[in-house]
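Number 300 marks the last residue of the sequence shown (my numbering); no jumps.
Ideal Cβ positions, reconstructed from N, Cα and C, are used throughout, including at glycine.
See below for the structure under consideration.
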Amino acid sequence: MNVKLPTDIDLADRILWGLTARQLAIVAFTCICGWGLYLPLAGLPYVAAPAIGIIAAVGVFVAFARPDGLAAERWLMEGARHLVTPRRRVIAPEGMPEVPAWATSRGPVVPLDMPLEEVSEDGVISLGRDMYSLVCRASALNLSLRSEPERQSLIEGLGRFLNSVDSSLSFVVGSERSDVEGVVEGIERDSGALPHPALERAARSHADYLRALAARPDVLRREVYVVLTAHAKDEDDASVRLLARAEEAAGLLRGLGIRLMPLDGYAAVALIERACDPETSPTGFQDRLPTDIVSGVSA
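As structure tokens, this is what we get:
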């Protein structure tokens, strides 16, 4: 016996006339509202018809429409929540300071609620409710420099890796302004030790080129991260599971030429700080405990 399964495995059962229980309830409620409105307006057809038509249109929309893949009533509730939620959030572990008298109001400002509780020394991030994650830095591949057979082989290899994944996994690509000032200073410092004046001139010319390149706003550096997430009873159990998954993923991606390296606690804290404030310098975090992020210490 063959049974057809829908692509959407969360599809609700159809109860009557091809409608789900939710749709039947909405249609019934719409009919009751329309009938209740018609009774007092029966003598005013020019008023009753548009009013009942509006109610019917709203009922049909809520019952059958799925904007953005969501049920219409949930979509409307999320829209209303978005309208009343403050747009601006700030890091304020000690609470919000009083606004000076000379400052003008720019709308409500609320503290930033970080979706994490602590970061362990081995980089495991506690998200609360027995959820933990581990961030791994991954090297990138440039497909534009590959031949068509090589591209196809890499894509198929990545597909095999994704098919082997049996739990939550995310790819995150971050872009930051490229800071080459340290490289430029190093070239200028070491150029005087080169054995020939022509080499020194070439080195200084290259340093000038890098400095001019760094002044452009479109010069960015990109980093790729793989975020592994797991349910666990405690931090030790999560650490064992996530590090084992990271090692397994690194072995599978190594065949594609992708290097995967889990971030330790200090590197994870620095990454979170830069995500909250992209202008934060990545230096200066080595002397801070990873759990400092729990108390909301700003970058």
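Exercise. Count the other CB atoms within 10 Å of the CB of Ala-247; is the residue buried (16 or more) or exposed (fewer)?
Worked result: Locating residue 247 in the sequence shown gives position 246, counting from the first residue. Under this definition Ala-247 is a buried residue.
For this session: Would you check if the distance between the CB atom of Ala-233 and the CB atom of Asp-131 is smaller than 8 Å?
Result: Start at 1 with the first residue of the sequence shown, and residue 233 comes out as number 232. Start at 1 with the first residue of the sequence shown, and residue 131 comes out as number 130. It is a contact, given that the beta carbons lie within the stated cut-off.
Exercise. In the segment 44-82, which residue ranges form an unbroken alpha helix (DSSP H) of at least 4 residues, counting only runs that do not cross its ends?
Worked result: Here the runs fully enclosed are 46-65.
Exercise. In this structure, does DSSP put Val-181 in helix, strand or coil?
Worked result: If you number the sequence shown from 1, residue 181 lands on position 180. Val-181 falls in the coil class under three-state DSSP.
Problem set entry | For Leu-135 and Leu-305, believed in contact at Cβ under 8 Å, the rounded distance | In the structure as shown, the chain begins at 2 and stops at 300. Residue 305 is therefore absent and cannot be evaluated.
Problem set entry | With 16 other Cβ atoms within 10 Å as the buried cut-off, status of Glu-274 | Residue numbering aside, residue 274 sits at position 273 when the sequence shown is read from its first letter. Here Glu-274 is buried: its Cβ has 16 or more other Cβ atoms, across all protein chains shown, within 10 Å.
Exercise. What residues are listed by DSSP as bridge partners for Val-1?
Worked result: Given a span of 2 to 300 for the chain in the structure shown, any question on residue 1 remains unanswerable.
Exercise. In this structure, what does DSSP give as the bridge partners for Glu-119?
Worked result: As a first step, residue 119 is located in the sequence shown; it is residue number 118 there, counting from the start. BP columns for Glu-119 point to Ser-127.
Exercise. Is Ser-171 helix, strand or coil when you go by DSSP?
Worked result: The sequence position of residue 171 within the sequence shown is 170, counting from 1. In the three-state scheme derived from DSSP, where H, G and I count as helix and E and B as strand, Ser-171 is classed as strand.
Problem set entry | Rounded C-alpha distance that separates Thr-284 from Tyr-267 | For this step, residue 284 is matched to residue 283 along the sequence shown. For this step, residue 267 is matched to residue 266 along the sequence shown. Because the pLDDT of Thr-284 is 41, which lies under 50, any placement of that residue in the model is unreliable, and the question is left without a value.
Exercise. Over what stretch of residues does the beta strand (DSSP E) that includes Pro-263 continue unbroken?
Worked result: In the sequence shown, residue 263 corresponds to position 262, counting from 1. Taken as a continuous stretch (DSSP letters only), the beta strand (DSSP E) holding Pro-263 covers 261-263.
For this session: Might you give, ordered along the chain, the residues of its own chain that have their beta carbon closer than 7 Å to the beta carbon of Trp-76, omitting 5 neighbours on each side?
Result: Position 75 of the sequence shown holds residue 76. So the list reads Pro-68 and Asp-69, once near-sequence residues are dropped.
For this session: Determine the direct distance from the alpha carbon of Val-227 to that of Leu-20, and round the result to whole angstroms.
Result: Your numbering for residue 20 matches position 19 in the sequence shown. Your numbering for residue 227 matches position 226 in the sequence shown. If you take the alpha carbons of Leu-20 and Val-227, they lie about 41 Å apart.
For this session: Within the same chain, show all residues whose beta-carbon is closer than 8 Å to that of Asp-180, passing over the 5 residues directly before and after it, in chain order.
Result: Against the sequence shown, residue 180 aligns to sequence position 179. These residues qualify, in order along the chain: Ala-215.
For this session: Give every residue of the same chain whose Cβ lies closer than 7 Å to the Cβ of Leu-25, excluding the five residues on either side of it in the sequence, and list them in chain order.
Result: Within the sequence shown, the letter at position 24 stands for residue 25. So the list reads Ile-16 and Leu-17, once near-sequence residues are dropped.
Problem set entry | Beta-carbon proximity check, Leu-159 vs Leu-244, cutoff 8 Å | Numbered from 1 along the sequence shown, position 158 holds the residue referred to as residue 159. Numbered from 1 along the sequence shown, position 243 holds the residue referred to as residue 244. It is not a contact, given that the beta carbons lie outside the stated cut-off.
Exercise. What residues are listed by DSSP as bridge partners for Arg-15?
Worked result: For this step, residue 15 is matched to residue 14 along the sequence shown. Residue pairing for Arg-15: DSSP places it in a beta bridge opposite Thr-21.
Exercise. Between the beta-carbon of Asp-167 and the beta-carbon of Asp-265, is there less than 8 Å?
Worked result: Translated into positions along the sequence shown, residue 167 becomes position 166. Translated into positions along the sequence shown, residue 265 becomes position 264. No, Cβ-Cβ distance for Asp-167 and Asp-265 is not below 8 Å.
Exercise. In terms of alpha-carbon separation, which member of Pro-101, Pro-218 and Ala-239 lies closest to Leu-128?
Worked result: Taking the first residue of the sequence shown as 1, we reach residue 128 at position 127. Looking at the Cα atoms, Ala-239 is the closest of the given residues.
For this session: Can you tell me which of the three DSSP states Ser-240 falls into?
Result: If you number the sequence shown from 1, residue 240 lands on position 239. Ser-240 falls in the helix class under three-state DSSP.
Exercise. Would you call the CB atoms of Val-220 and Val-174 closer than 8 Å?
Worked result: As a first step, residue 220 is located in the sequence shown; it is residue number 219 there, counting from the start. As a first step, residue 174 is located in the sequence shown; it is residue number 173 there, counting from the start. No; because the gap between Cβ atoms is not below 8 Å, this pair is not in contact.
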